[in-house]
Structures are given as C-alpha cells and as structure tokens.
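The structure appears right after this line, and notes come after that.
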Amino acid sequence: MVSLLDIIGPVMVGPSSSHTAGACRLGLLARNLVGGTPERARIELHGSFARTGEGHGTDKAIAGGLMGFRPDDERLRDALEIADREGLDYVFDKASLGEDAHPNTARITLERGERKAVMTGASLGAGRILVTEINGYKVEVTGSYHTIVLIAEDVKGSVAAIATILAEHEINIANLRLTRKERGGDAFMVIEVDEAPGESVRDEIRTLPWVRWAFRLDKVSA
Amino acid sequence: MYRSLADAIRDAEQKGISLARLALETEAKDQGRPVEEIRGALRRALEVMRGAVDRGMTGDLFSASGLVGGDAAKLRTGPPGPLAGTPFRDVLARALAVQEVNAAMGVIVAAPTAGGAGVLPAVLTGLAQARGIPDDAVIDALAVAGLIGAVVAERASLSGAEGGCQAETGAAAAMAAGAATEMLGGSPAQVGHATALALQGTLGLVCDPLGGLVELPCVFRNATGSAIALTGIELALAGVEFKIPVDEVIDVMGEIGASMDVRYRETAGGGLAATPTGRRLARERLVQIKKR
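Sequence order for the protein chains is Z and A. At position 70 of the first sequence (counting the first as 1) the number is 144 in my numbering, and the numbers step up by one without a gap. At position 2 of the second sequence (counting the first as 1) the number is 26 in my numbering, and the numbers step up by one without a gap.
Okay, here's the thing in structure tokens:
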C-alpha cells in the first residue's frame with residue numbers, strides 16, 4: 075500500500091533517490107556487519123553506479139553511510155574528506171558483478187579490527203534497497219525492518235529456539251527466511267522484526283551452542 | 025490510500041469534508057498512526073522545502089559538473105520580463121532554487137522524487153506567500169498532493185526510468201496543481217480538474233538528462249512543470265472543466281510511459297542527452313568515479 079509519506083518524502087540529500095539516498099542506506103547497513111565505522115573499505119560499483127556514480131555522489135553517499143550518516147545528513151556532501159580525516163581508508167573500483175546484478179549494485183568489503191565482512195546490495199529506486207549477499211550467503215534484506223542475521227548449524231528446533239528468545243524480549247517477528255547451502259550444512263537465517271532488538275538479544279542468540287555468528291542490522295529506511 | 029481520485033472526490037463530497045482531511049484520515053487508518061503524527065511529518069517536510077528554497081536563492085550553488093546552478097538567483101535579481109512582480113515569476117525562481125540545491129547535494133524533500141522535487145515547494149510556498157496563507161493550510165495541501173501522488177503511483181508510475189519525465193515533473197505538476205487548488209479554496213471536483221489539466225500538459229514528456237544525471241534539463245523541467253501546474257490551478261479555479269476524467273488521464277500517462285522507447289527513460293540514450301552538444305558536455309563535464 076502506498077503511504078502518503080512515501081510520496082511526500084523522504085527528506086534527503088540530493089540529487090538522486092536511487093544513486094544517493096539508496097547508496098547511503100547500503101553503506102549504513104554494511105557498517106552494522108562490522109559493528110561500527112570500518113577502518114578499511116573497498117567498494118566495487120557495478121552498472122549505472124559505476125557509470126554515473128560520481129556525478130550523483132554515490133561514492134560520498136556510501137562512504138557517509140559507512141560512517142553512520144543518514145540520507146538526510148548534509149555531511150554526505152563532504153563525506154570523502156571526513157573519511158580521510160576520521161581514518162576510514164576507502165577505495166572505489168568499477169566492477170562487473172554479473173549480468174544478473176541490478177544496474178545499481180555495490181559490493182562492499184569491510185574490515186574493523188578483527189571483524190571482516192562482504193556485502194552485496196542494490197539500490198532499487200526511490201531510496202529502496204535490497205541486500206542480496208552477505209559473506210557468501212544469498213540473502214534478501216531490505217532494511218525496512220530491524221533485522222537479525224545469523225549462521226547456525228542445521229539442527230532441529232533452531233527456529234523455535236530463536237523465536238522463543240525474541241518472544242521473551244517481546245519482539246514480534248515480521249518475516250523469517252531460512253536458507254542453507256546443503257542438508258546438514260550451515261543454515262542462514264534472516265529475521266525481520268518490528269521492535270529494535272538490543273545488544274542483549276544478539277548476545278543471547280550468540281550463546282546458543284549451534285549459532286556460529288549473529289548480528290543485527292538496524293532499520294535504515296524511513 | 026486511494027487508488028482512484030474520482031473515488032476520493034466522491035467520498036469527500038459525500039462526507040462534506042476537504043480532500044486534505046480525507047487524505048489525512050485515510051493515511052491515519054492505513055498506517056495505524058494518529059493524524060497529528062502525520063501532520064507533524066508533513067510540517068517537517070514543509071520546513072525542509074522552505075529551507076531548500078532559501079538556500080537555492082543565494083546563487084552560489086553549483087552541481088559537481090558545474091552544468092547547473094546560479095539561475096534561481098537571476099530571477100530574483102535579473103532584468104524584468106512580462107511576469108516581473110507576479111507570483112508566477114516567484115514560483116519559477118523557487119522551482120529552480122530547490123532543484124539547484126538538489127543537484128548540489130543539498131537537502132530536499134523527494135516529492136514525489138528527487139528529480140521532480142522543485143515543483144511542489146515552488147507552487148505551494150510561492151502561492152502561500154503571495155496570498156498570506158497560514159502553514160496549517162499549506163500542510164493540508166501537502167496531504168492533498170500526497171493523495172494525488174499515491175493514486176499516480178498505483179495507476180501509472182512515479183519513476184523516470186519507468187515512465188519518462190511525465191512520471192516525475194509531470195506527476196509533480198499534477199500534485200501541485202490539485203493541492204494548490206484546494207489551498208486556494210477550490211472544491212474537490214475542481215482539484216480533480218486542476219490535476220487533469222496539469223497532467224495532460226506533460227503527457228509524453230521524455231526523461232533525457234545529460235549523462236543520466238539529475239541536472240540538465242531536470243532543473244529547468246521543474247520550472248516548466250511549475251508553470252504547467254499554475255495553468256491547471258488558474259483554469260480550474262476559473263471553472264474550466266477537463267472532459268477526460270482525471271483517473272483516465274493518469275492511466276494514459278502510465279500507458280504512454282510503458283510504451284516509451286528505453287532511450288527516453290533516464291538512460292541518456294535519446295532526447296537532449298543525445299544531441300551533439302548534450303553528448304559533448306556529458307563527455308567533458310560529467311566526471312567519473314576516480315580510483316584512488
């Protein structure tokens with residue numbers, strides 16, 4: 075359903091909802107994977123992002139997002155200079171990420187201390203985004219919800235255990251997707267929830283013996 | 025939100041309420057949020073719109089390529105034309121101002137998109153200033169604009185890549201025309217005619233920006249889009265009726281967009297982008313991401 079506030083909004087730094095606002099949201103989501111502003115970032119831009127990205131400030135928007143700036147933050151315009159000052163070591167490359175990739179796709183590789191992550195995502199237009207891959211796993215994360223992502227051993231009752239933890243914290247599940255590469259292999263769970271889960275929720279999930287890792291992605295859309 | 029403007033107009037008439045009130049109450053029900061919260065978000069949008077108008081009038085903002093900027097200020101300080109001293113000229117200046125801010129990575133409200141973000145603030149704040157209309161009425165007008173935009177999104181498109189510029193500055197002109205018509209005292213039926221009158225004037229308009237960037241002609245399309253919106257408002261308030269129902273005009277905009285060659289849908293493959301000068305400027309001025 076179309077909301078009136080989707081039409082009169084979002085408030086954003088120009089010039090393009092797909093190439094600027096959406097790109098910023100990709101950076102914002104990616105930063106969650108390493109728990110804050112990365113020390114090193116390699117950003118590969120594909121298709122229209124590569125062709126018209128600089129004129130649209132796509133590079134500034136992604137770098138700004140990685141530093142936690144939101145799409146309406148005027149610091150986006152100077153994000154590259156701020157990144158230089160703040161010690162975010164970034165490099166932009168043009169890349170071909172395959173024929174199936176959306177024209178506005180970026181692959182973002184991040185390092186922060188011991189933490190490393192690779193995320194591929196696309197800006198679909200009107201500021202909407204879709205993350206399609208995290209650390210080699212195919213996912214579908216829109217950033218429209220607070221999201222918990224985890225890799226776990228493929229054990230019985232895993233979904234029930236996670237659901238119980240969320241219920242105990244009074245967090246309502248909006249969507250849940252489970253994928254695995256092979257039977258008995260690692261399972262990848264994407265859980266979209268209505269309420270923002272605290273660090274304690276993530277920590278509790280991480281203490282489950284069959285969970286390899288888990289992180290939460292803050293909602294990035296309006 | 026409504027999928028038909030005719031349905032919304034009929035409901036408003038039957039209940040004896042404004043389209044703004046109908047839109048706000050419908051949104052509140054759809055989203056499970058109080059009307060005051062929605063009005064609060066629209067108030068913030070209006071503040072950002074005014075901020076962009078003011079910022080763009082200073083004449084010192086330019087896009088990354090340098091192809092656009094500084095023109096809004098010319099309408100404030102430059103030599104007079106036939107519209108000098110009228111709200112019309114002021115509206116044109118405001119439309120350029122907001123879009124120049126957008127091209128220079130300033131803060132705007134995408135309404136309905138970033139590329140068409142100049143029309144609605146120009147028409148609403150320009151006419152509100154000229155007539156001394158209070159902010160609450162301008163916020164109501166934004167709700168009407170949102171209602172019209174939602175119907176266009178459902179029935180046609182709000183994306184230049186899908187429907188050409190008629191779906192961006194055309195839709196923005198339709199929204200602004202309908203919204204300002206109610207703000208200036210028009211009936212729900214007159215809002216429908218103003219919307220249709222504006223949209224018919226942009227049917228077939230292609231999206232052909234140089235190098236695919238939201239700069240040239242986008243900045244100027246927001247000015248001409250505002251002029252078309254003013255035409256719809258003036259005609260509708262004078263009692264002119266457009267004989268094709270507004271929903272059908274919206275539908276045909278979507279049909280034209282869907283059948284538009286891909287060269288004319290934000291790909292820089294046709295139109296002004298493909299003129300000899302358009303190609304040359306794109307080559308020379310539109311910088312590419314540098315490796316470092």
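The beta carbon of each residue, even a glycine, is placed where N, CA and C say it ideally should be.
- S183/A sits buried, since 16 or more C-beta atoms from the chains shown fall within 10 Å of its C-beta.
- By the beta-carbon neighbour count (other beta carbons within 10 angstroms, threshold 16), S89/A is buried.
- In the DSSP assignment, D260/Z falls within the unbroken beta strand (DSSP E) covering 260-267.
- Between the alpha carbons of A169/Z and G105/A lies a gap of roughly 50 angstroms.
- I268/A is classed as exposed because its beta carbon has fewer than 16 other beta carbons within 10 Å across all chains shown.
- Of the residues assessed, E61/A falls on the exposed side of the cut-off, its CB having fewer than 16 other CB atoms within 10 angstroms.
- Looking at R63/A, A127/A, A251/A, the one whose alpha-carbon comes closest to that of L221/A is A251/A.
- Closest by C-alpha distance to A261/Z, out of K230/Z, P145/Z, I117/Z, H130/Z, is K230/Z.
- The continuous alpha helix (DSSP H) containing H217/A extends over residues 212-224.
- With respect to the 8 angstroms criterion, Q190/A and G228/A are classified as neighbours on the basis of their beta carbons.
- When C-alpha distances from G201/Z are compared across E207/Z, G96/Z, V294/Z, L119/Z, the shortest belongs to G96/Z.
- At a cut-off of 8 angstroms between C-beta atoms, S197/Z does not count as an interface residue with respect to chain A.
- DSSP places E51/A in the uninterrupted alpha helix (DSSP H) bounded by 43-55.
- DSSP, reduced to helix, strand and coil, places A197/A within a helical segment of the structure shown.
- In the three-state scheme derived from DSSP, where H, G and I count as helix and E and B as strand, E61/A is classed as helix.
- Contact between the segment 123-136 of chain Z and the segment 168-175 of chain A is absent: fewer than 3 CB-CB pairs across the two stretches fall below 8 angstroms.
- Fully enclosed alpha helix (DSSP H) runs of no fewer than 4 residues occupy 242-261 of the segment 236-277 of chain A, in order along the chain.
- In the structure shown, H220/Z falls within a strand segment according to DSSP collapsed to helix, strand and coil.
- Q214/A sits buried, since 16 or more C-beta atoms from the chains shown fall within 10 Å of its C-beta.
- The CB of V72/A comes closer than 7 angstroms to the CB of V85 in chain Z, given here in chain order.
- Contacts with chain Z (Cβ-Cβ distance below 9 angstroms) from the segment 164-194 of chain A involve L166, A167, A169, G170, L171, I172, G173, A174, V175, V176, A177, E178, L182, S183, A185, E186, listed in chain order.
- Here T205/A is not near T226/A, since their CB atoms are 8 angstroms or more apart.
- By the Cβ test, the segment 135-150 of chain Z is not in contact with the segment 43-54 of chain A, since fewer than three Cβ pairs between them sit closer than 8 angstroms.
- A buried status is given to S87/A, since no fewer than 16 other beta-carbon atoms sit within 10 Å of its beta-carbon.
- Distance from the CA of M81/A to the CA of R67/A, rounded to the nearest whole angstrom, comes to 22 angstroms.
- The segment 108-117 of chain Z and the segment 205-213 of chain Z do not touch, with fewer than three beta-carbon pairs separated by less than 8 angstroms.
- Contact annotation: in the segment 38-57 of chain A, residues whose CB is within less than 7 angstroms of a CB in chain Z are A47, E51, D54, Q55.
- The DSSP assignment places 132-140 as complete runs of the alpha helix (DSSP H) inside the segment 125-149 of chain Z, in order along the chain (cut-off: 4 residues).
- Residue range 178-186 is occupied by the beta strand (DSSP E) that includes T179/Z.
- Taking the Cβ atoms as the reference, A146/A lies roughly 19 angstroms from V176/A, outside the contact range of under 8 angstroms.
- Flagged as an interface residue toward chain A: I81/Z, by a C-beta distance shorter than 8 angstroms.
- Within 9 angstroms of the CB of V77/A, no CB atom of chain Z is found; the nearest one sits about 14 angstroms away.
- Residues of the same chain with a CB within less than 7 angstroms of the CB of P177/Z, apart from the 5 flanking positions on each side, are G121, S122 in chain order.
- Of the residues P89/Z, K190/Z, A180/Z, E148/Z, the one whose Cα lies closest to the Cα of V92/A is P89/Z.
- For K39/A, the three-state secondary structure derived from DSSP is helix.
- Residue burial annotation: A108/A is exposed, with fewer than 16 other C-beta atoms found within 10 angstroms of its C-beta.
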